[in-house]
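Trainee:
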Ligand SMILES: C[S@@+](CC[C@H](N)C(=O)[O-])C[C@H]1O[C@@H](n2cnc3c(N)ncnc32)[C@H](O)[C@@H]1O
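Numbering (our numbering), first residue to last: 281 to 522.
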């Protein structure tokens, strides 16, 4: 199945973008807790590693695409940049995020509505761009990647963190079981949305992994692309330059 056609509610009348926004609005209040429970907290270290790579170019104006509740933007703030803009299509997720920013007193982060595929910032605008667990949800991956390329400054880095698939057969078997059975079960019990965590498994399975995703980046003109596998390959950091 093509990854673009994997949608949260499998409703042919509504675009993927609207279904994704609705799904994240539905789970926004439980997102952070469920994220930590389901990943046993390891996702935090993954953002740290990504930001360490981002720091290599000392970015001052950073864009966090698909910011959700703002965790990647908050991690980027440790680099002390002048400004971080987080964009998302789910207002519900950003309401939770803005509350966190207020409590942390992080005044250099601003969260605003924005769709990766149609963001209208000027060309060559951002020093660095990060996307955490967002690209898999884009309605049109190519459009999203090429628009991010347009607004990234020459020499700037795009860092993408995304779930992937392990290659070791034992880890793969366990991961498939965890993702397809355990995650939807816990998701169903603790979030108001029955489909959200089944969609997670389906979308991870259908999405291009590792070298396949690097090929997508290369197709969209990115240079010096490489990826690092995380935790037996269940996730990966993709790094690309303009
Ligand atoms: C799994 S959450 C990730 C949130 C956060 N980046 C993190 O690391 O926890 C995915 C987010 O992507 C957003 N999203 C999906 N498609 C998008 C798009 N085309 N443009 C902007 N945000 C999008 C969703 O609304 C959701 O908040």
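We put the beta carbon where it would ideally sit given N, CA and C, even for glycine. Computed from a prediction, not measured in an experiment: that's the story for all the values here.
Who sits around ligand 1, taking every residue whose Cβ is closer than 5 Å to one of its heavy atoms?
Mentor: This selection yields 300, 304, 346, 348, 351, 352, 368, 369, 370, 373, 395, 396, 412, 413, 414, 417 and 418.
Trainee: For residue 393 and residue 465, I'd like the C-alpha separation in whole angstroms.
Mentor: As a position in the chain shown, residue 393 is number 113, starting the count at 1. As a position in the chain shown, residue 465 is number 185, starting the count at 1. About 31 Å.
Trainee: Taking the alpha carbon of residue 511 as the reference point, which residue from 324, 297 and 288 has its own alpha carbon closest?
Mentor: Taking the first residue of the chain shown as position 1, residue 511 is located at position 231. Taking only the C-alpha atoms, the option nearest residue 511 is 324.
Trainee: For residue 302, which of helix, strand or coil comes out of DSSP?
Mentor: As a position in the chain shown, residue 302 is number 22, starting the count at 1. Helix at residue 302.
Trainee: Would you report the Cα separation of residue 374 and residue 322, rounded to the nearest angstrom?
Mentor: Your numbering for residue 374 matches position 94 in the chain shown. Your numbering for residue 322 matches position 42 in the chain shown. One C-alpha to the other measures close to 22 Å.
Trainee: Threshold first: 4 residues or longer. Then list the alpha helix (DSSP H) segments lying entirely within the region 340-425, N to C.
Mentor: 351-356 and 371-384
Trainee: May I ask you to verify whether the region 296-315 touches the region 487-507, counting CB pairs closer than 8 Å and requiring at least 3?
Mentor: For the pair of segments examined, the region 296-315 was found not to touch the region 487-507: the number of CB pairs separated by less than 8 Å stays below three.
Trainee: If I follow the unbroken beta strand (DSSP E) through residue 461, where does it start and stop?
Mentor: Numbered from its first residue, the chain shown carries residue 461 at position 181. It is not in any beta strand (DSSP E) - residue 461 carries neither H nor E in the DSSP assignment.
Trainee: At what residues does the alpha helix (DSSP H) containing residue 482 begin and finish?
Mentor: In the chain shown, the residue the question calls residue 482 occupies position 202. From DSSP, the alpha helix (DSSP H) with residue 482 extends over 476-486.
Trainee: Please identify the residue among 396, 453 and 380 whose C-alpha is closest to the C-alpha of residue 389.
Mentor: Residue numbering aside, residue 389 sits at position 109 when the chain shown is read from its first letter. Among 396, 453 and 380, the Cα nearest to that of residue 389 is on 380.
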